[in-house]
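I have placed the structure first, in the form of structure tokens, so that the comments after it can refer back to it.
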Amino acid sequence: MFETLGLSTAAEQLYLELLERPGARPDALTRSDRDPDAVGAAIGELRGAGLLLPGPGCTAVAPDVAVELLAHRQEELLRRARAAVEPLLLRYRQVGSPDPVELVAGSEQVSLRYEQLVRCARKEILGFDKPPYVVPVRDLGMELASLGQRVRYRAVYARPALTMPGRLSDVDTLKNAGEQARILPDLPFKLLIVDRRWAMVPVSEGTEVERAMVVRPCSLLDALVATFDSYWQRAVPFGDAGRAVTTGGRAAPDDLSEADRQVLALLATGLTDERIAAHLGLGLRTVQRRVRGLMDRLGAGNRFQAGLQAARTGLL
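What follows is the structure in structure tokens.
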């Protein structure tokens with residue numbers, strides 16, 4: 024339980040024992056299967072961490088206090104480590120990589136660096152998502168873990184990305200976990216931005232995992248952030264439909280069925296009627312009838328325009 028907070032296994036076991044044996048003398052904690060020196064070291068570790076109350080015996084502090092003390096110690100270690108980053112980074116650039124743009128080569132190295140950047144996120148992750156995909160099945164574990172740690176996710180998906188098998192369900196899963204997702208017909212490149220401190224951009228055409236740029240603070244990073252913000256503003260939100268449709272300057276009655284609302288949300292992704300029907304578990308003719316009705320109601324000339332107008336009038 025306390026190992027993740029920097030306490031050794033032996034010290035944790037002794038602390039748990041002392042919760043049931045308050046005031047135990049150190050010599051009473053030594054059993055035949057225990058090394059006295061190891062017990063002494065564990066007691067010293069507990070005292071050093073502030074997990075034992077003052078006195079001749081060994082009395083453990085309350086568990087809630089213990090957790091806070093250990094957490095505070097880890098936070099202080101992290102603060103010191105982060106304070107040491109700048110001089111280390113200066114040495115790193117002087118010796119090995121003076122350029123704020125680093126080229127990462129090899130699919131394994133690119134994948135590793137991507138994972139490292141995602142795990143470094145503390146505030147937000149921004150991204151462009153578009154095919155082709157070298158790995159057909161997307162691993163959502165890291166993203167869901169980050170969302171669970173209250174990292175803000177904003178992603179813009181190219182419309183073809185949502186036609187790939189399983190991608191639409193992935194977006195639904197991430198959206199339900201807190202991701203903000205939007206859609207555009209196409210995107211210029213794949214992109215990952217972490218806390219506006221690092222960016223990662225594939226530079227290999229077709230086999231994009233073979234090479235990528237990692238960009239640290241510089242004018243290029245500023246340009247990538249501005250590019251994301253610009254595309255984000257133009258993108259169509261992916262989500263549930265809203266409460267009303269505006270047509271002819273008047274608010275239409277709130278008589279859309281839940282299926283109609285779901286169809287509208289998927290229209291903006293550019294999915295075919297067949298894919299929408301399969302995703303929603305509806306019949307193809309039912310979907311086609313709903314699409315025609317929604318296009319007429321919105322005065323849209325095509326399917327994607329219907330989704331776009333729905334977003335602009337408050338449905339998405």
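Per our numbering, the very first residue in the sequence shown carries number 24; after that it's consecutive.
Just so it is clear, CB atoms sit at the ideal spot from N, CA and C, and this is done for glycine as well.
Could you tell me if residue i is buried or exposed, where buried requires 16 or more neighbouring beta carbons within 10 angstroms of its beta carbon?
| i | result |
| --- | --- |
| Asp-296 | buried |
| Cys-81 | buried |
| Arg-315 | exposed |
| Asp-122 | exposed |
| Arg-266 | Caution applies to Arg-266, whose pLDDT of 32 falls short of 50 and renders its modelled position unreliable; the value that the coordinates give is listed next. With fewer than 16 Cβ atoms within 10 Å of its Cβ, Arg-266 is classed as exposed. |
| Gly-272 | Annotation note: pLDDT 35 at Gly-272 (below 50); position unreliable, no value reported. |
| Ala-249 | exposed |
| Val-88 | exposed |
| Ser-253 | exposed |
| Pro-169 | First, the amino acid is wrong: residue 169 is Ser here, not Pro. Buried, by the Cβ-count rule. |
| Glu-202 | buried |
| Glu-26 | exposed |
| Arg-102 | exposed |
Have a look at residue i and residue j and give me their C-alpha separation to the nearest angstrom.
| i | j | result |
| --- | --- | --- |
| Gly-293 | Lys-146 | 31 Å |
| Gln-139 | Gly-171 | 17 Å |
| Val-62 | Gln-97 | 24 Å |
| Pro-208 | Ala-181 | 6 Å |
| Glu-43 | Val-224 | 55 Å |
| Tyr-38 | Asp-218 | 38 Å |
| Glu-233 | Ser-227 | 6 Å |
| Leu-185 | Val-179 | 11 Å |
| Val-127 | Lys-213 | 15 Å |
| Glu-125 | Ala-106 | 23 Å |
| Arg-177 | Gly-304 | 28 Å |
| Val-259 | Glu-131 | 34 Å |
| Ser-134 | Val-194 | 21 Å |
| Arg-340 | Tyr-156 | The displayed coordinates of the chain run from 24 to 339. Any statement about residue 340 would go beyond what the structure contains. |
| Leu-28 | Glu-40 | 18 Å |
| Leu-210 | Val-310 | 28 Å |
| Leu-244 | Ala-204 | 22 Å |
| Val-268 | Ala-329 | Annotation note: pLDDT 32 at Val-268 (below 50); position unreliable, no value reported. |
| Gln-36 | Gly-129 | 44 Å |
| Ala-200 | Leu-167 | 7 Å |
| Arg-320 | Phe-261 | 20 Å |
With residue i and residue j assumed to form a contact (beta carbons below 8 Å), what rounded beta-carbon distance in angstroms separates them?
| i | j | result |
| --- | --- | --- |
| Phe-251 | Ile-206 | Wrong, their Cβ atoms sit about 15 Å apart, outside the cutoff. |
| Ile-66 | Pro-79 | Incorrect: roughly 12 Å between the Cβ atoms, too far for contact. |
| Leu-289 | His-302 | 7 Å |
| Ala-282 | Leu-247 | Not a contact, Cβ separation roughly 39 Å. |
State the beta-bridge partners of residue i as determined by DSSP.
| i | result |
| --- | --- |
| Trp-221 | Val-217 |
| Cys-81 | Ala-47 |
| Asp-58 | Beta-bridge pairing links Asp-58 to no other residue. |
| Val-124 | Val-238 |
| Gly-129 | Gly-129 is not bridged to any residue. |
| Tyr-180 | Asp-152 and Ile-206 |
| Arg-175 | Glu-147 |
| Pro-260 | Arg-205 |
| Leu-75 | Ala-83 |
Consider the Cβ of residue i: report whether some Cβ of chain C lies at a distance smaller than 9 Å.
| i | result |
| --- | --- |
| Asp-319 | This model lacks chain C altogether, as it is built from one protein chain only. |
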